[in-house]
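Residue numbers (our numbering): 14 to 212. Backbone N, C-alpha and C define an ideal beta-carbon position, used for all residues, glycine too.
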């Protein structure tokens, strides 16, 4: 049996319910067994089992909807009518327990991502600020002249250039942090909705 012919269904899913409905009666089981290895029309099945044609068609439609049988061919009757030939699908149907919604795992995963982003943004803000303080301190330590210290604080000095970029770095980092957290929150909400819907 090839791997692609294995069908896995969760208990309670729509597909599993269709299979349960199709095979819930002994009549369906008898028709299924009669078709196994012997594709035939609804009329031939009715004659072979002695069941009314309407009953046979009803159960065949249920099994067809559930994916247990398929229309493998068509033939023409003596009266010129097209007949569907039904056959059992070459597959193995496996039922598995329904998956539970791992809300805690989803929250932890997105919480970790949010924490990493927050730490990264903090470093982006802190590193230039620290470097600016170090550069400014070294620059000012080179002189004790008040006039030179004043000059170091005006445009063009290493200290002044570092200070001028700080508001821009703060704004970019804060904006990135807010947008990232909002996107993560939306992704987490969507994933939880999708898992709950499928579950």
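- Comparing alpha carbon positions, the residue from 139, 26, 64 and 27 closest to residue 43 is 64.
- Collapsing the DSSP output to three states places residue 22 in a strand.
- The segment 89-98 makes contact with the segment 44-55; the number of CB pairs closer than 8 Å reaches 3 or more.
- Beta-bridge partners assigned by DSSP to residue 99: 53 and 84.
- For residue 104, same chain residues with a beta-carbon under 6 Å away, outside a window of 5 residues either side, are 18 and 20 in chain order.
- Within 10 angstroms of the beta-carbon of residue 107 lie fewer than 16 other beta-carbons, which makes it exposed.
- Rounded to whole angstroms, the gap between the alpha carbons of residue 50 and residue 110 is 30 Å.
- Going by beta carbons, residue 119 and residue 36 fall outside the 8 Å limit.
- Taking the Cα of residue 197 as reference, the smallest distance to any Cα among 45, 126 and 23 is reached at 126.
- The segment 128-137 makes no contact with the segment 76-95, as fewer than three CB pairs between them are under 8 Å.
- Around the Cβ of residue 191, a 10 Å sphere holds fewer than 16 other Cβ atoms; the residue is exposed.
- Nearest C-alpha to residue 184 among 137, 199 and 204: 137.
- Of the residues assessed, residue 38 falls on the exposed side of the cut-off, its CB having fewer than 16 other CB atoms within 10 angstroms.
- At the C-beta level, residue 83 and residue 102 come within 8 Å of one another.
- Note on geometry: alpha-carbon atoms of residue 86 and residue 58 lie some 15 Å from one another.
- Closest in C-alpha terms to residue 80, from the list 27, 207, 189 and 188, comes 27.
- Under the DSSP assignment, residue 28 falls in the alpha helix (DSSP H) whose first and last residues are 27-35.
- When the alpha-carbon of residue 188 is set against those of 134, 207, 77 and 203, the nearest one is in 134.
- Only residues of its own chain outside the window of five on either side were considered, and among them 55, 58 and 59 have a CB closer than 6 Å to the CB of residue 69, listed in chain order.
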